[in-house]
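Engineer: Residues in the sequence shown are numbered from 1 upward in steps of one, following UniProt numbering.
The C-beta atom is built at its ideal place from N, Cα and C for all residues, glycine as well.
Keep in mind that this is a model prediction, so the values were computed, not measured.
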Amino acid sequence: SHLSAALKRLNITVIEEDTLPETRQYLPKKTRLAIERSKICVVVLSKNFAFSKHSLTTLVEAIERRHSKTGAAVVPVFYGVDRSLVEQQIGKFGEAFSKHETSEPEHRVTEWRNALKEAAHIKEGLESNDES
């Protein structure tokens, strides 16, 4: 994507979750280490974000990092999706969770839901309706 390319040109580490196989249950070590070493975690929340278990788990890791002693700033970017849909988990987000609730343990789904709600409440977030 254009955003990934621009960030990489600035020598910023980009974790592209869509390149990871959905069959993996846990985040790769490389992803966890990148989050642990980050001072800022920018999370791009698009309309299909909640369908990706890896994206949701990455968000949980970023939120946990935010609350750690050496906390990182988490900046959510609401890309083509309204912040309220993320917070209330309706629309595509509701559809995704209906699916996850049939295949994932309750504690994991709760973690994902809580992380999304917290991300939606971060005031420093950016909103963009431009999907180009």
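So, at 8 Å on beta carbons, what are the nonlocal neighbours of A72 in its own chain, with the 5 sequence-adjacent residues on each side left out?
Structural biologist: Counted from its first residue, the sequence shown places residue 72 at position 72. Closer than 8 Å at the Cβ level, and outside the excluded window around A72, lie I35, S38, K39, I40, C41, A62, R65, R66.
Engineer: Let me know the beta strand (DSSP E) ranges lying completely inside the UniProt domain "TIR" (1-132), each 3 residues or longer, listed in chain order.
Structural biologist: Here the runs fully enclosed are 40-45, 73-79, 126-128.
Engineer: Using 8 Å for Cβ pairs, my map puts V43 next to V74. What's the rounded Cβ distance?
Structural biologist: Residue mapping note: residue 43 aligns to position 43 of the sequence shown, counting from 1. Residue mapping note: residue 74 aligns to position 74 of the sequence shown, counting from 1. Contact holds; Cβ gap of about 6 Å.
Engineer: Do you know how far the Cα of R9 is from the Cα of F51?
Structural biologist: As a working mapping, residue 51 is identified with position 51 in the sequence shown. As a working mapping, residue 9 is identified with position 9 in the sequence shown. Roughly 28 Å separates the two Cα atoms.
Engineer: At the level of alpha carbons, what is the spacing between A120 and T70?
Structural biologist: In the sequence shown, counting from the first residue as 1, residue 120 sits at position 120. In the sequence shown, counting from the first residue as 1, residue 70 sits at position 70. Near 22 Å, if we compare the C-alpha coordinates of T70 and A120.
Engineer: Is the beta carbon of L56 sitting closer than 8 Å to the one on V86?
Structural biologist: What you label residue 56 is simply residue 56 of the sequence shown in a count that begins at 1. What you label residue 86 is simply residue 86 of the sequence shown in a count that begins at 1. Taking 8 Å as the Cβ cut-off, L56 and V86 do not qualify as a contacting pair.
Engineer: Have a look at H100 and V14 and give me their C-alpha separation to the nearest angstrom.
Structural biologist: Counting from one through the sequence shown, the residue named residue 100 turns up at place 100. Counting from one through the sequence shown, the residue named residue 14 turns up at place 14. Distance between the alpha carbons of H100 and V14 is about 26 Å.
Engineer: Could you give the distance in angstroms between the alpha-carbon of K117 and the alpha-carbon of Q89?
Structural biologist: Translated into positions along the sequence shown, residue 117 becomes position 117. Translated into positions along the sequence shown, residue 89 becomes position 89. Roughly 8 Å separates the two Cα atoms.
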